[in-house]
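Take a look at the structure below.
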Amino acid sequence: SDGHVGFADLPNQLYRRSVRNGFEFTLMVVGESGLGKSTLINSLFLSDVYTTANYDDRIKQTLQIEASTMDLEENGVRLKLTLIDTPGFGDAIDNTNCWQPIIDFIQKRFDEYIQQESRIDREYHIVDTRVHCCLYFIPPTGHSLRPIDIEYMKQLYDKVNIVPIIAKADTMTEDECKGFKRRILKDLRDNKIRIFEFQEVAGEDEDYAAQHKSSKESIPFAVVGSNTKIQLNGGKEVRVRKYPWGMVEVENNDHSDFIHLRNVLIRTHMFDLIYNTNILHYENYRYRKGGSSVS
Ligand code: GDP
Ligand code: MG
């Protein structure tokens, strides 16, 4: 790949204007350990956020909540990107309240924002460190959502934008994956878990509309991550997973929804995720914290 992530290709002029001075985006990954969270983060941003000394496929296990920040610039747009990697749950025998450290983290970031907002100094530039998106990793069981995944997302959905991900999609056939997606969406509906809604951006061309429709239809995104790179004949470097029977390319729409995920997350809806965080999750938090008794 050419090292171009695409966050400056935001579809709409309005967005372009509002990001002229640069902006901040924070993405968090959550889910059971070993599902490929750290690997996917590396793949998404075309950079080895987590490097391995011997360049093999193993990444050290994530033992605590870890934030890594990088400054990116494309087409004159500056992005301060923060990736929050979290330890997976499931290793403990008792998973009661295993979401609490994540909730505490999200709320601490809200508190920091409240503090900054309360400064009277008008020149002060507020640094937005709030968590704008949470990729929730679902194990590729092929059945339906497990009780722990349902409970976890129930705890989170009104605090952060959730985007559900089916991990390690290469372990399922296309048909298995289709049925699995349908059952996941039904489970989410039945449990009244609201995931982030990728709305179509108005005023764009037909190509965009078609692409958006297809991206939206692939939710929950079934992804494949890898730290193995090979060079194709033309010299282009791609991430792959190798098997005795062949290869799965991470960035191939026939092999996974990775491209769809990256498009909506980074190219078309980064700003919507920030906007929704601000007007919905942050406002809710402030309101609840204000001690108002609503039901
Ligand atoms: P994490 O604990 O969720 O952060 O998972 P890691 O990113 O550390 O990955 C755990 C293991 O799964 C590693 O050996 C990865 O190479 C492997 N892995 C990551 N992504 C995929 C994938 O999409 N498919 C398959 N089959 N394995 C993967
Ligand atoms: Mg990890």
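Position in the sequence shown counted from 1, then plus 10, gives you the working numbering.
For glycine and all other residues, C-beta sits at the position ideal for the given N, C-alpha and C.
* Does ligand 2 have a heavy atom nearer than 7 Å to the CB of aspartate 95? -> Result yes, Cβ under 7 Å from ligand 2.
* **Selection from Glu122, Gly41 and Ile158 that minimises the alpha carbon distance to aspartate 104** => Closest by alpha carbon: Ile158.
* Asked: When you compare only the Cα positions, how much space is there between glutamine 241 and valine 250?
  -> Approximately 10 Å between the Cα atoms of the pair.
* **Residues bridged to leucine 325 [DSSP beta-bridge criterion]** => Lying before the first or after the last residue shown, residue 325 is absent from the chain, which here runs from 11 to 305.
* To do: Would you mind stating whether asparagine 237 and threonine 36 have Cβ atoms separated by less than 8 Å?
  => Contact flag unset, no.
* Asked: For ligand 2, any of its heavy atoms closer than 7 Å to the Cβ of serine 48?
  -> For ligand 2, at least one heavy atom lies less than 7 Å from the Cβ of serine 48.
* Using alpha carbons as the reference points, say which of Leu91, Gln110 and Phe206 lies closest to phenylalanine 99. => If we check each option's Cα against that of phenylalanine 99, Gln110 comes out closest.
* May I have the straight-line CA-CA distance separating proline 230 from arginine 193, to the nearest angstrom? => Using only the alpha carbons, I get a separation of about 10 Å.
* Cα-Cα separation between glutamate 84 and asparagine 171, rounded to whole angstroms -> As the crow flies, the alpha-carbon of glutamate 84 is around 25 Å from that of asparagine 171.
* Check each candidate in Ile284, Asp81, Ile203 and Leu45 and name the one with the smallest Cα separation from proline 149. => Closest option to proline 149, Cα to Cα, is Leu45.
* Asked: What are the boundary residues of the beta strand (DSSP E) that includes glutamate 133?
  -> No beta strand (DSSP E) contains glutamate 133, which DSSP labels as neither H nor E.
* **Residues that leucine 198 bridges to, as DSSP identifies them** => Looking at the DSSP assignment, leucine 198 forms no beta bridge with any residue, so it has no partner.
* To do: Could you pull the start and end residues of the alpha helix (DSSP H) that threonine 49 belongs to?
  => Start and end: 47 to 54.
* To do: Look at the Cβ atom of isoleucine 203, then the Cβ atom of lysine 164, and state whether they are nearer than 8 Å.
  => Cβ atoms of isoleucine 203 and lysine 164: closer than 8 Å.
* **Proximity test, threonine 181 beta-carbon vs ligand 3 heavy atom, cut-off 7 Å** => Questions concerning ligand 3 fall outside what the structure shown contains, since the ligands it does hold are ligand 1 and ligand 2.
* Could you have a look at lysine 239 and say whether DSSP puts it in helix, strand or coil? => Strand, per DSSP.
* Asked: Do glutamate 210 and histidine 222 have their C-beta atoms closer together than 8 Å?
  -> Yes. Within cutoff.
* Asked: Smallest Cα separation from arginine 140: which of Glu261, Thr92, Cys108 and Pro174?
  -> Nearest C-alpha to arginine 140: Thr92.
* Asked: Between tyrosine 146 and glycine 41, is the Cβ-Cβ spacing less than 8 Å?
  -> In this structure, tyrosine 146 sits near glycine 41, with a CB-CB distance shorter than 8 Å.
* To do: Could you work out which residue in Ser266, Ser224 and Met257 is closest to aspartate 185 when comparing CA atoms only?
  => Nearest C-alpha to aspartate 185: Ser266.
* Is the beta carbon of arginine 251 within less than 7 Å of some heavy atom of ligand 1? -> Under cutoff, so the answer is yes.
* Asked: For ligand 1, any of its heavy atoms closer than 7 Å to the Cβ of leucine 45?
  -> Checking the Cβ of leucine 45 against ligand 1 gives yes.
* To do: Report the rounded CA-to-CA distance for tyrosine 218 versus serine 228, giving the unit in angstroms.
  => Whole-angstrom Cα-Cα distance: 15 Å.
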